[in-house]
Amino acid sequence: MKEVLLCKCGEIVLKGLNRRAFEDRLVANLRRRVRRVADCPVSLRQSVLFVEIPDEADADAVMEEVLRVFGLASVCRASVCEKSLDAILETAQRYLADELAAARSFKVETKRADKKFPLTSIGVSQHIGGELAQRNPHLRPDMHHPELTVHVEIREQYAFVHAGPNPGAGGMPIGANGRAALLLSGGIDSPVAGYMMAKRGLELVGIHFFSYPYTSERAKEKVLDLAKILTRYVGRMPVLVVPFTKIQEAIRDNCREELFTIIMRRFMMRISDRLAADYNCGGLITGESLGQVASQTMPAMAVTGAVCNLPVFRPLIGMDKEEIVRVARKIDTFETSILPYEDCCTVFTPKHPNIRPNLQKVLESESRLDADALVEEALSGVERMIPD
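As numbered in the numbering used here, residues -1 to 386 make up the sequence shown, in order.
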């Protein structure tokens, strides 16, 4: 039987004159995503995206890809048939045979988008429901709490039958709100932060700080593995690997120990700000959560953010670790994030970090460094990588 995915748009239906731009972006993203597994025609009609599944395609694989596309509120896997009561009935009986056999109660819900169809939505539901009850005598009609709801949608060209929607990924189409740079460490938090901002329509560029030999090649590979997992949701994401060893050694040799982490993060933000501008990014994304570690207090974040020209998005700022881990498990980054490979943030960690840094004192300590030269040298050694 011919199958199609009915993809219902999310919040972009509330847009005004620029709604078409959001819809076009969503269609392009959906086409690009399903192309990974099959050559599926994609079209948009009446705020519904239709993904036609070829007979030779793996429908489960297509469905899995579509459910990860941001901008969709729900996805229904449906069978297509002619717009006649006989065709709808036969399709419902055959397409939903397993569901009908397993259920003990049911009802039929009809959506009649084609108002020229001779019967009303209630009339279609009553007719199809009555016929299905006769064919399946074990089923009891239940209009309030049915085990199975048979959905019928009558649209311009065809009718569609399905067993109800699956929740979509939600959010807004990637790229609809521009591009931002994600500071991507090997930890749990930053991949989740990237996922959450991509869900708000941002295309991502990853930035990773690498301190060889204090951090190993395996640690860099771990970050690229995380980026590869993220691409299932966020699409293509280049990762810029920044050599950070010389900067950390200069901080260790010249600055006050309790300020090591703060000054290190200020350099990360300076470099990220520059790289983000080079890649036409409108902001930076970090995985900071208020009070989680010493560098994530309000005073510390104010001091580190002071070097940035671009806005800094912190989507995890009000989340606790348990909430963050829950999302990391959902998007399959958790198990990779906890692999025991160090990152540069664990290098030269002070015994007693300053959790309430004073900007003037930080500037005095930084004045012992040639910050501009260190930044330029790091930028000249950036390696651009594309996770496979």
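A virtual CB, placed ideally from N, CA and C, is assigned to each residue, including glycine.
query: Distance check for methionine 296 and asparagine 307, CA to CA, integer angstroms please.; result: 19 angstroms
query: Give me the DSSP bridge partner(s) of leucine 42.; result: Leu47
query: Exposed or buried, what is methionine 195 when buried is set at 16 or more other beta-carbons lying within 10 Å of its beta-carbon?; result: buried
query: So, using beta-carbon positions, are proline 189 and leucine 200 closer together than 9 angstroms?; result: no
query: Within a Cβ cutoff of 6 angstroms, which residues of the same chain sit near glutamate 417, ignoring the five residues on either side of it in sequence?; result: Beyond the ends of the chain as shown, which are -1 and 386, falls residue 417; an answer cannot be given.
query: Output the distance between the C-alpha atoms of valine 2 and cysteine 279, rounded to the nearest integer angstrom.; result: 36 angstroms
query: With DSSP collapsed to three states, give me the class of histidine 160.; result: strand
query: Short check: CB of alanine 174 to CB of alanine 19, under 9 angstroms?; result: yes
query: Are the CB atoms of leucine 70 and valine 148 within a distance shorter than 9 angstroms?; result: no
query: What three-state label does DSSP hand leucine 357 in the structure shown?; result: helix
query: Report the partner residues of cysteine 279 according to the DSSP bridge assignment.; result: Bridge partners of cysteine 279: none, in fact.
query: Assuming contact is defined by CB atoms lying nearer than 9 angstroms, are threonine 89 and cysteine 79 in contact in what I supplied?; result: yes
query: Please state the DSSP three-state secondary structure of lysine 113.; result: coil
query: Measuring only the C-alpha atoms, how far is valine 380 from glutamine 246?; result: 16 angstroms
query: Does glutamate 151 come out as helix, strand or coil in the three-state DSSP assignment?; result: strand
query: Which partner residues of threonine 334 appear in the DSSP bridge assignment?; result: Paired residue(s): none; threonine 334 is not in a bridge.
query: What does the Cβ neighbour count give for serine 378, buried or exposed, with the cut at 16 atoms within 10 Å?; result: exposed
query: Using a threshold of 9 angstroms, state whether the C-beta atoms of glycine 204 and methionine 170 are closer than that.; result: no
query: Is it buried or exposed, arginine 31, if we count other Cβ atoms within 10 angstroms and call 16 or more buried?; result: buried
query: Would you tell me roughly how many angstroms separate the C-alpha atoms of histidine 142 and alanine 57, rounded to the nearest one?; result: 31 angstroms
query: Touching or not, the stretch 349 to 366 and the stretch 209 to 223, by the rule of three or more beta carbon pairs under 8 angstroms?; result: no
query: Taking its Cβ as the centre, do 16 or more other Cβ atoms sit within 10 Å of alanine 191, making it buried, or is it exposed?; result: buried
query: For threonine 108, which beta-bridge partners are listed by DSSP?; result: Val150
query: Looking only at its own chain, which residues have a Cβ that is under 7 angstroms from the Cβ of serine 119, when we skip the five neighbours before and after it?; result: Thr108, Lys109, Arg110
query: Please state whether DSSP places serine 293 in a helix, a strand or coil.; result: helix
query: What did DSSP end up calling glutamate 247 once you bin it into helix, strand or coil?; result: helix
query: Just mark serine 270 as buried or exposed, buried being the case when its beta carbon has 16 or more other beta carbons within 10 Å.; result: buried
query: By Cβ distance below 7 angstroms, which residues in the same chain neighbour phenylalanine 332 in space, the five residues on each side in sequence not counted?; result: Ile186, Val323, Ala326
query: Please classify threonine 347 as buried or exposed, where buried requires at least 16 neighbouring CB atoms within 10 angstroms.; result: exposed
query: To which residues does DSSP link glutamate 201 through a beta bridge?; result: Arg177
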